[in-house]
Each structure stands twice: as C-alpha cells, then as structure tokens.
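In order, the protein sequence lines correspond to chains A and B.
Going by our numbering, the first residue of the first sequence is number 4, and it counts up by one from there.
Going by our numbering, the first residue of the second sequence is number 4, and it counts up by one from there.
2 protein chains.
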Amino acid sequence: MSAQEANEVLERLCNLQRMEARAFGLRYGLQPVQMEALTYLTQCNRYSNTPQAVAEYLGLTKGTVSQSLKVLEQKGFLRKQADNEDKRIVRLAPTTKGSNLSKKALLARSLEPALAMTDSLKIAELTSALRSILRGMQQANGRKAFGACHTCRFNEDHEKNGYVCGLTREPLSVQDIQLICREHQYPH
Amino acid sequence: MSAQEANEVLERLCNLQRMEARAFGLRYGLQPVQMEALTYLTQCNRYSNTPQAVAEYLGLTKGTVSQSLKVLEQKGFLRKQADNEDKRIVRLAPTTKGSNLSKKALLARSLEPALAMTDSLKIAELTSALRSILRGMQQANGRKAFGACHTCRFNEDHEKNGYVCGLTREPLSVQDIQLICREHQYPH
DNA sequence: TCCATTTAGTTTCGACTCAATACTAATTTA
DNA sequence: TAAATTAGTATTGAGTCGAAACTAAATGGA
Numbered sequence: 004m005s006a007q008e009a010n011e012v013l014e015r016l017c018n019l020q021r022m023e024a025r026a027f028g029l030r031y032g033l034q035p036v037q038m039e040a041l042t043y044l045t046q047c048n049r050y051s052n053t054p055q056a057v058a059e060y061l062g063l064t065k066g067t068v069s070q071s072l073k074v075l076e077q078k079g080f081l082r083k084q085a086d087n088e089d090k091r092i093v094r095l096a097p098t099t100k101g102s103n104l105s106k107k108a109l110l111a112r113s114l115e116p117a118l119a120m121t122d123s124l125k126i127a128e129l130t131s132a133l134r135s136i137l138r139g140m141q142q143a144n145g146r147k148a149f150g151a152c153h154t155c156r157f158n159e160d161h162e163k164n165g166y167v168c169g170l171t172r173e174p175l176s177v178q179d180i181q182l183i184c185r186e187h188q189y190p191h
Numbered sequence: 004m005s006a007q008e009a010n011e012v013l014e015r016l017c018n019l020q021r022m023e024a025r026a027f028g029l030r031y032g033l034q035p036v037q038m039e040a041l042t043y044l045t046q047c048n049r050y051s052n053t054p055q056a057v058a059e060y061l062g063l064t065k066g067t068v069s070q071s072l073k074v075l076e077q078k079g080f081l082r083k084q085a086d087n088e089d090k091r092i093v094r095l096a097p098t099t100k101g102s103n104l105s106k107k108a109l110l111a112r113s114l115e116p117a118l119a120m121t122d123s124l125k126i127a128e129l130t131s132a133l134r135s136i137l138r139g140m141q142q143a144n145g146r147k148a149f150g151a152c153h154t155c156r157f158n159e160d161h162e163k164n165g166y167v168c169g170l171t172r173e174p175l176s177v178q179d180i181q182l183i184c185r186e187h188q189y190p191h
C-alpha cells in the first residue's frame, strides 16, 4: 500500500515539474521538449551528442526530435556540425546562449528551498532512493540507462593514468566520467 | 551540492514518467494530458470535479482543458452533467470505462518492483520527502496544494460524529477525506 | 431593483508537438 | 559491388496549447 502512495505523490510531482518547466520555457520562447533536449546536450558526453541519442533519451521518434533541434538551432541555442569520421552523423553542441539558459533553468527549479529543512544525510538517502526507482522504471520498460560513465560497467579506473572507456578504449578525464553516456550499462 | 544531484535525478525521473505515460496512453488512443485529467477525476472530491479545477490542477488554461475534456467525453471516458444549484458549473464524472482505464494506468506504472528491495519504513520516509518537495515547489510557484482533506486545515474531526469541512460545513465520510480537494490548504 | 462585474465554460485561431511514412546519403555487410 | 543498415531530414495529419473573443449564469453594489 505504501508504494502506491509514493507513486501518487511522485506522479503529482512530475505533473508539477512539467507545469513549471512549461511556464519557464514560455518566458524564453521555448517549448518544454526543447528545454529538455537542451539540458540533455549540456550534460552528455561526446559519444552521446547526436539527434538519435536525444531521441532515445526523450523517448521520441527521431523525426520528431529532428524538428525540435532545427528550432533550437534557428534560435541560436545550439550548433550542428558534421562528424569527421562518419559523415552521416551530426554533432550537437549548445552555444554559450544555450548553456546559459540551461543553467538558469536548473537554478530556477532548484530543490534547495524545498529541501532546506532536510539534513544532508537524508538528501543523500532520498537521491539514492530516486536513483533506484529510476533504474527500476528503465529496466521494467526496456529503456537505456543514460547514466554517467563513473557508474558504468565499461568504465576502467587506471588509477594514476586516469580512466578508460572499455567500449571505445579512449581515455576519459575526471570531468568526462561525470557526463551522461548513451552506451551506459550498470555493472553486472 | 547534494540538492542539485537530487534535482537532476528527479528531473530525469519525471522525463521517464512522461515517456511511459505517453507510451501507455498511445495504446488506448489517449494523449498524456487526457490520461492525467482522467486520473485526477478519479481521485478528486465532489467540490473539485469541474473543468476549472482540472485546469488549475494541470496548470493549463481553461480553454485548453475544455478541448481535452470534450475528447474524453466523446470517447466515453467521462460524462458531463450540469450542476443543480449553479447552472454555470459542469460536473465531470468518469464512466466505468474511464475509471477502469485509470486503475490500469496506475498498476502499469507501479513502483512496486522498483521499491521491492526497500523496506517499508524507508518507503514511508521517501514518500514524506517527496511530499515536502511537492509542497515546497507549490509554494515557491504560487500553486494550489490539491491535497486530500485529511491534511487540510479546514477539516474538522468531530470524533464519533465523523468529519466536517470547515469551508462548506458539510459532513465528510472517511472515504471523502482521502480525496483531492481544490480548496485544500495546509495547516499554517 | 437593476446594471456592471465576475465567474464557468466553450469556441476559434495560429503556432507548435508528435508519430508515421517516405525519403536521401553514408556506411557496413555479405 | 550490390544489398542491407544506419543517421538524419521532410512531409502530413491528428492533436495540444495559449490567447482572445464569446455566451450564460451568478453576484454585488448603487
């Protein structure tokens, strides 16, 4: 019974997030889905900054996403760039304008005030509980995890020599392994 | 810093919820917003089952909501009925078909599996933390609470004689006070 | 009492999302 | 080297959304 109650609260919380996201975007002439795409592109790594990855992340078709990205480019929030090795692939990079807006959005919807009364230990517990829900939902629905490299089973810690991605064999910096990757898989 | 991390996870969780809600609705020919309206109408009390209340709950304009409700009625998920006392007001009641679908949606997106490893004490803590976030977000953005009567400052517990709403002076049953009310206010 | 205001709801319009489909171009596979 | 696959774009039609204009009923002063 308790799980159902948690579910209802979570569902309502998600409605509210969506509501405020819409209101925020409206002030800057962007739709919710465009804000979401922009936010993703400021958080993802260099393997994951393509239209296809955005589509998988948002759970939309690539055709739909293609249009949203066109708008974001036209409004100067991101730049498209052809990949050097595979000419089919388009790389998406937020402009300064784009990443500034993304930062502003994150601040505007900060949980800081709502969590002010809670001590940091509880916040850590909350975060970990939310993570496990997230992971459970993704598994149940066959979605990709889109986690950061430092929690990925392919990530190798070479101690003094930094990190290496076991899939691409490329070295990764401390900053790199904090970014979202479309190839992410949890250990085991 | 920890609050920001919680925020990112929560945001991702909300995207995912939306994604799965869309996929679910698609199978039954309903849009996400229509599912949300229907779910609300199966959970709200008799003061809160109007188009205006739905609009406030979803954070949309009444014109927008009016259209979604028209579709839900045409598809047989709810019935409209003029109020007896105030003839401007339309009362919305889910049909059997409507409430069945709503139940199915709740089951389909259950957190049960994701929370299976967590003991019930922790689930209670999680729920309460989510509630406080919800409340904080609503306050920060000047939204109505839409809580259930049993947490409302107008609700009066008359012990053996049941409950009474301090606003309408109407008696409320044990079932009534579990339902969502648009006039809900937390005790100071 | 009566007229202005407010409130609940609908309709219409134009910009936008979204899935489905068909398409182009580059890469991979057989 | 031809067929299949992959990345991305363009088009179309159903539907969302906010804004504005509208109807009808209730309220509230003067």
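Note that CB positions come from ideal geometry on N, CA and C, so glycine has one too.
Quick caveat: nothing in here was measured; it's all calculated off a predicted structure.
- Non-local beta-carbon contacts of Pro190/A in its own chain, meaning distances under 6 Å to residues more than five positions away in sequence, involve Arg156 in chain order.
- The C-beta distance from Leu129/B to Ala132/A rounds to 5 Å, short enough to meet the 8 Å contact threshold.
- In terms of beta-carbon proximity, Asn87/A stays away from the interface with chain B, with every pair separated by 7 Å or more.
- By a beta-carbon distance limit of 8 Å, Gly62/B does not contact Ala117/A. Their separation comes to about 17 Å.
- Beta-bridge analysis with DSSP links Ala117/B to no other residue.
- Put simply, the CB of Cys168/B is far from chain A, with every gap to its CB atoms at 7 Å or more.
- Using a CB distance cut-off of 7 Å, Leu118/A counts as an interface residue toward chain B.
- In this model, Gly79/A and Leu41/A are separated by some 11 Å (Cα to Cα).
- Within the stretch 16-37 of chain A, Leu16, Cys17, Asn18, Leu19, Gln20, Arg21, Met22, Glu23, Arg25 and Ala26 place their CB atoms closer than 8 Å to a CB of chain B, listed in sequence order.
- Between the stretch 5-14 of chain A and the stretch 71-90 of chain A, the count of Cβ pairs shorter than 8 Å is below three; the stretches do not touch.
- Nearest in C-alpha terms to Tyr60/B, of all of Gly165/A, Gln20/A and Lys83/A, is Gln20/A.
- Under the three-state reduction of DSSP output, Pro35/A falls in the helix class.
- In the structure shown, the three-state DSSP call for Cys168/B is strand.
- His161/B sits exposed, since fewer than 16 C-beta atoms from the chains shown fall within 10 Å of its C-beta.
- Closer than 7 Å to the CB of Val177/A there is not a single CB belonging to chain B.
- Scanning the stretch 65-95 of chain A from its first residue to its last, the whole beta strand (DSSP E) runs of 3-plus residues come out as 81-85.
- Of the residues Pro35/B, Ala85/B and Gly66/B, the one whose Cα lies closest to the Cα of Asn18/B is Pro35/B.
- Along the stretch 92-105 of chain A, there is no position whose C-beta sits under 8 Å from a C-beta of chain B.
- Chain-ordered, the chain B residues with CB closer than 8 Å to the CB of Leu61/A read Asn18 and Met22.
- Counting only runs of at least 3 residues, the stretch 131-177 of chain B fully encloses the following beta strand (DSSP E) elements, listed from N- to C-terminal order: 158-160 and 166-168.
- Annotated as distal: Glu159/B and Leu170/B, with beta-carbon spacing of 7 Å or more.
- If you draw a 10 Å sphere on the C-beta of Thr45/A, you find 16 or more other C-beta atoms in it, and that means buried.
- With contacts defined by Cβ atoms closer than 7 Å, Leu16/B and Asn52/B do not form a contacting pair.
- By the neighbour-count definition (other C-beta atoms within 10 Å, threshold 16), Glu173/B is an exposed residue.
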